[in-house]
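The listed protein sequences correspond, in order, to chains A and B. Going by the working numbering, the first residue of the first sequence is number 6, and it counts up by one from there. Going by the working numbering, the first residue of the second sequence is number -4, and it counts up by one from there. Here's the structure, in structure tokens; my notes come after.
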Amino acid sequence: MKVEQKKMQNALMESKDLSVFYGEYEAVKKASIPIYEKTVTAVIGPSGCGKSTFVRSLNRMNELIPGVEVKGEVLYHGDNIYDSKVDPVNLRRRIGMVFQKPNPFPKSISQNVSWGPKINGMTDALDDRVEEALKKAALWDEVKDKLDQNGLSLSGGQQQRLCIARAIAMEPEVILMDEPCSALDPISTGRVEDLLFELKKKYTIVIVTHNMQQAARISDHTAFMYQGDVIEFDETKKIFTRPSKKQTEDYVTGKFG
Amino acid sequence: MTDNHSYWAAIVRRCRNWNRNSRFSEKSVVIFLWLSAMVSILTTLGIVWVLFKESLPFFSEVSLFEYLMGTQWSPLFSPQKFGVLPLICGTFLIAAGAAMVAIPFGVGTAIFLSEYASNRTRDVIKPVMEVLSGIPTVVYGYFALTFITPLLQSVIADVEVFNALSGAIVVGIMTIPMVASLSDDAMRAVPDSLRYAAYALGSTKFETSFKIVFPAALSGVIASMVLAVSRAIGETMAVTLASGATPKLTLNPLESIQTMTAYIVQVSLGDTPQGTIEYQTIFVIGLTLFVITLCMNIVSNKVLDRYKLKYEV
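Right, dumping it as structure tokens:
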């Protein structure tokens, strides 16, 4: 019953027949995935299946790579983000992103976090914003005495949480995460996962992951992609217990991938 | 015939063995490489030694204080005056003026090339800049004298035929490619992940280029600036032609001045007899130039260390 209710709910974002080409190569083929508000949507699949390309097309980051062409549409609040009227800069202020490898700016910890609010014109009570974002990213206690230190001086796991804090500080609506734990050790990974449970109370999260256990643990919905196609999209529980497609079952049970 | 053949075979065999005798060839390679390295070190030491040796007698006649603090420089006429300040001042005028031209345009070019230009535009601009830096400096001197100076004279009333401004501009133009190329390299070395991070936070291209990439490349950019100033200080032919040979303690760029390098040219071309104090002055000036450039290198290394940022790759 609950499943039905969720499906009835309108999606915050939705890709419709979204195809992404790198020159001739079609990396994502007519993907249609809904993304529901304040949930975690996981995108899983073997390497090269197009899952990173898919999330990057949700905030138009793909455009930064020369030779990329996008067909189809991505609806956000009902409007197509690929419409010529949409400014990708404004879009990305609403849809934040955390990358595979932590990439803090070579600036101080507080400057890293305040960058988003600053360029966004949210310059009032900047220190409070920084503190709040760092607290939400579960990093505050570790860095509160060294906010002036370079962000690069932190450990890898701390750097990734700094990047999450940096994304949160802008108060986006959606946070896209492209394998945010793949460069982290198990303890840091656990921390980031705990964080996701907290974050989804306030934000809508789309996470690409290689790690099926991680997808099973943290997500509400899961999309399984294979060779550019979205094979199956459903509630995470269903994907991992009784998937409707043979390929999905083979992948989640570890027969390939 | 057979004997001849076996004779050559023996030589070939011996050569092979000689090659195989790896200890010997290893050692000889190391010795050769060591000698190559020594050539430049010994040359440098030799030059410094000559500079000191020829400068010492000068300072037995002129005190160091008089040399460094004197405001008149006229070793070739009587009354002879040996105050180096006018030459340093001339050199400073040229270097400062050149920096004011080369740094904004060079860094601007670098930001354009690394962040804004398409690959096709880059492929055109880069070779053109290399041509610009391949033009002999004496040609730049003529260019300054026959083109820039008349242009300046048509705009500003009291520009002398030989003037510091014209020399500074042309030396600045000369050094643009160096600043642009080195700063471009530094900015392109900034990992793309930083650019993506900035864009993902909703930064504009301008914010990304000027507030993220540029500061991240600052150490390399500063190094290129320091090199440009060093180059301007050492530049000789262009300033000799464009800015004249009038050692003058002035900060007015419209007047004729003389740089330290231009003075060395003047004396070297003249008929100054060896061993005289006039002859020794060029070594003293050379030594002064050497000390100034050395200090600049030391300072720039310190600056580089301070601004150097390390990335996890």
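Glycine included, every Cβ here is placed at the ideal spot set by N, Cα and C.
Three-state secondary structure (DSSP) of residue i
i        : result
A/Glu62  : According to the sequence shown, residue 62 of chain A is Ser rather than Glu. Reduced to three states, the DSSP call for A/Ser62 is coil.
B/His0   : helix
A/Gly101 : strand
A/Pro39  : strand
A/Ala47  : strand
A/Asn155 : strand
A/Ala32  : strand
A/Gln10  : Since pLDDT at A/Gln10 reaches only 47, below the 50 mark, its modelled position is unreliable, and the value read off the structure follows with that caveat. In the structure shown, A/Gln10 sits in a helix (DSSP, three-state: H, G or I).
B/Lys121 : helix
B/Glu307 : Low confidence applies here, because B/Glu307 scores a pLDDT of 41, under 50, leaving its location unreliable; read the following figure in that light. Three-state DSSP puts B/Glu307 in coil, outside helix and strand.
B/Asn292 : helix
A/Glu19  : strand
B/Ser251 : coil
A/Met230 : strand
B/Phe77  : strand
A/Met127 : coil
A/Ile180 : strand
A/Asn4   : Any question about residue 4 of chain A goes unanswered here, given that chain A covers just 6 to 262.
A/Lys112 : coil
A/Asp239 : strand
B/Tyr191 : helix
B/Lys200 : helix
A/Leu144 : coil
B/Phe72  : coil
A/Gly77  : strand
A/Ser52  : coil
A/Ile212 : strand
A/Ser24  : strand
B/Gln269 : coil
A/Cys168 : helix
B/Pro99  : helix
Reference residue i; option with closest CA among the options
i        : options                                : result
A/Asp129 : A/Ala36, A/Asn216, A/Gln232, A/Met175  : A/Met175
A/Ser115 : A/Glu184, A/Phe229, A/Gly156, A/Val75  : A/Gly156
A/Leu144 : A/Gly126, A/Val118, A/Arg166           : A/Arg166
A/Leu204 : A/Lys243, A/Leu139, A/Val33            : A/Leu139
A/Phe271 : A/Leu181, A/Ser193, A/Asp239           : This structure cannot speak to residue 271 of chain A, because chain A is shown only from 6 to 262.
B/Pro70  : B/Ile42, B/Ile36, B/Gln261             : B/Gln261
B/Arg190 : A/Ile38, A/Ile40, A/Leu23, A/Glu68     : A/Glu68
A/Leu17  : A/Asp234, A/Asn125, A/His215, A/Thr209 : A/Thr209
B/Ser55  : B/Thr132, B/Met232, B/Thr276           : B/Thr276
B/Ala218 : B/Leu246, B/Leu249, B/Pro145, B/Val298 : B/Val298
Chain-ordered neighbours of residue i on chain A, where CB pairs are closer than 7 Å
i        : result
B/Thr199 : Val94
B/Glu202 : Ile124
B/Ile106 : Going along chain A, no residue has its Cβ under 7 Å from B/Ile106, so there is no contact; the nearest lies around 17 Å.
B/Ile207 : Phe110
Any C-beta of chain C under 8 Å from that of residue i
i        : result
B/Ile217 : Reference to chain C is not applicable here, since the protein chains of this structure are A and B.
9 Å Cβ cut-off: residues of chain B touching residue i
i        : result
A/Leu69  : Asp187, Arg190, Tyr191, Tyr194
A/Arg171 : Ala192, Leu196
Proximal residues of chain B, C-beta to C-beta of residue i below 8 Å
i        : result
A/Met175 : Leu196, Gly197
Chain-ordered neighbours of residue i on chain A, where CB pairs are closer than 8 Å
i        : result
B/Ala211 : Phe110, Pro111
Proximal chain A residues relative to residue i, where beta-carbon distance stays under 9 Å
i       : result
B/Ile42 : Under the 9 Å cutoff, chain A gives no residues; its nearest Cβ is about 40 Å from B/Ile42.
* To do: Pair every Cβ in the stretch 154 to 163 of chain B with every Cβ in the stretch 239 to 254 of chain B, then say whether three or more of these pairs are closer than 8 Å.
  => yes
* Does the count of Cβ pairs from the stretch 47 to 63 of chain A and the stretch 210 to 224 of chain A closer than 8 Å reach three? -> yes
* the stretch 97 to 122 of chain A: which residues have C-beta closer than 7 Å to a C-beta of chain B, in chain order? -> Arg97, Arg98, Gly101, Met102, Phe104, Lys106, Asn108, Phe110, Pro111, Trp120, Gly121
* Taking any Cβ of chain B, which residues in the stretch 55 to 67 of chain A have a Cβ under 8 Å from it, in chain order? -> Asn64, Met66
* To do: Check whether the stretch 198 to 207 of chain B touches the stretch 101 to 115 of chain B, taking contact to mean three or more Cβ pairs, one atom from each stretch, closer than 8 Å.
  => yes
* May I ask you to verify whether the stretch 172 to 191 of chain B touches the stretch 138 to 151 of chain B, counting CB pairs closer than 8 Å and requiring at least 3? => no
* Check distances from the C-beta atoms of the stretch 202 to 217 of chain A to those of chain B and list, in chain order, the residues that come in under 7 Å. => none
* Would the stretch 133 to 150 of chain A and the stretch 217 to 234 of chain B be scored as touching if the rule is three or more Cβ pairs under 8 Å? -> no
* Asked: If we count Cβ pairs, one from each stretch, closer than 8 Å, do we get three or more for the stretch 147 to 156 of chain A versus the stretch 107 to 114 of chain A?
  -> yes
* **the stretch 251 to 261 of chain A / the stretch 70 to 89 of chain A touching (three or more Cβ pairs under 8 Å)** => no
* Can you find at least 3 beta carbon pairs, one from the stretch 79 to 88 of chain A and one from the stretch 160 to 174 of chain B, that sit closer than 8 Å? -> no
* Asked: Between the stretch 208 to 218 of chain B and the stretch 44 to 64 of chain B, do three or more beta carbon pairs fall short of 8 Å?
  -> no
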